[in-house]
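Down below is the structure, laid out as C-alpha cells.
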Amino acid sequence: MRTLTMRPYGGEADLQPIVNLLNACEAVDRLDSFYSTTALQQGLAEPGFDPIHDMRLWEDENNDLIAIGKLRIPSTSSETIDSHLWFQVHPRARHRNLEAEIIAWSESRLRDVERERQLPVKLRSSTCDHKHNRIAFLNNCGFTYERCFLTMVRSLTAPIPLPQLPTQFTVVDARSGFSIESWVEMFNQTFVDHWGFYRATVDQCKHGMSDPNYHPALDLVAIAPDGTFSAFCFCYINKEKNQAKGQTEGWISSLGTRRGFRRMGLARAMLLSGMHRLQAAGMSVAKLGVDTENPNFAQNLYESVGFTKARAKLTFVKTLS
C-alpha cells in the first residue's frame, strides 16, 4: 500500500522540488507554461497569500514531491468568499485518488475560513478544454461549468495600426513615476463590475513592480484632460521562458478602461500602444487572455486587430455553503 505524506510549504528548500514537479507536468501536458525558482518565489510572496495555510505538498514513500495544491482566498469579501484552487499531480501519480485528496484538503481549509468570516464560500478550479479526465473528475466532485477563457495570439511581424487617442488624452508609462495609488484606484474602478473581480491593493501593485521581469516602459496609462487615470495596458515579457523556449513572446497582461470613459476608443488605442511597445522590445508574438463573456465584448476588440484563439480554459465552481 502506498504511503503519502501531506505537509505545508517549508520555505526556500521546497522551491526547486516544486519547480521540478511543475516542469515534469508541463512536459506531458504541454500547456505552454514555464516554471523557475525565481518566478515561483515571486508568486508565493504576493501580498495576501498565505503559503503556510493555503498551500499543501504531497510526497510519496521516497520523499519525492508528487503533488501540489494552492488556494487563492481573497482577504476581503462583502457577500461571498470566491476562492480558486490550482493543483498539479505528477504524471506517474495521476488518477490514483490523489486528486480527490487535494480537493478534500481545499474544502477543509475553506470550511475553516467560512467559520472564521461567517460568509458563504465558493470553490473554483480551472482546466484546459481538452483535459477531459480533469473535467470529468471535477464534475464527479460536484463542480459545474461556469466560464470559458481564451488565450489569443497575434503576430507582431504583421503591420500594427497606429493608436488613435481621443482628443487631449495622453499616454504615459511608469518611467514618468505616475502615482501607484491612482493606478490601483483606476484598476478597481475598471473591473469592479467584472466576473471574478479581486480588489487590488497598493502593496500588490508594488509587489508586481518588484518582479525581475517588470519593465516600466511596458506599463502604460492613458490620462484624461482633467488628469484622471482613464485606461491602462500592462505588458509583460517573461525573459526566462523566452530564453528556455527559444522564442520572442510578450503578453498584453492587463488591459482596461475606467467606467465613465468607455466607448471612446481608449481600449483599442491602449491595446495598439501595448503591441507597439512589445514590438519595439523585440517581440515577434503577442498573447493575451479574455473572458468569452466579458461584458464589454473585449474578444471582439482583440479579433478586430488580428488576435485569434490559441487555446481555451474552462472554469468550474462548487458552492460549499
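Taking the numbering used here, the leading residue of the sequence shown gets 824, the next gets one more, and so forth.
Where is the CB? At the ideal position from N, CA and C, for every residue including glycine.
For residue 1010, the enclosing alpha helix (DSSP H) starts and ends at 1003-1014. For residue 872, the secondary structure class from DSSP, reduced to helix, strand or coil, is coil. Note on residue 1062: under 16 other CB atoms within 10 angstroms of its CB, so exposed under the neighbour-count rule. Counted as a single uninterrupted DSSP element, the stretch harbouring residue 884 is not any beta strand (DSSP E), since DSSP gives it neither H nor E.
The beta-carbon distance between residue 1047 and residue 992, rounded to whole angstroms, is 6 Å. This is short enough to meet the 8 Å contact definition.
Contact between residue 1144 and residue 944 holds, with the beta-carbon distance rounding to 6 Å and staying under 8 Å.
One alpha carbon belongs to residue 1059, the other to residue 1105, and they sit about 13 Å apart. In the three-state DSSP reduction, residue 938 falls in the helix class (H, G or I).
According to DSSP, residue 993 shares a beta bridge with 1046. Between residue 927 and residue 913, the CB-CB gap reaches or exceeds 8 Å. Cβ contact annotation for residue 1064 (same chain, cutoff 6 Å, sequence separation greater than five): 857, in chain order. For residue 1070, there is no enclosing alpha helix (DSSP H), as DSSP marks it with neither H nor E. The alpha-carbon of residue 898 is positioned some 11 Å away from that of residue 1023. For residue 1052, the enclosing beta strand (DSSP E) begins and ends at 1052-1059.
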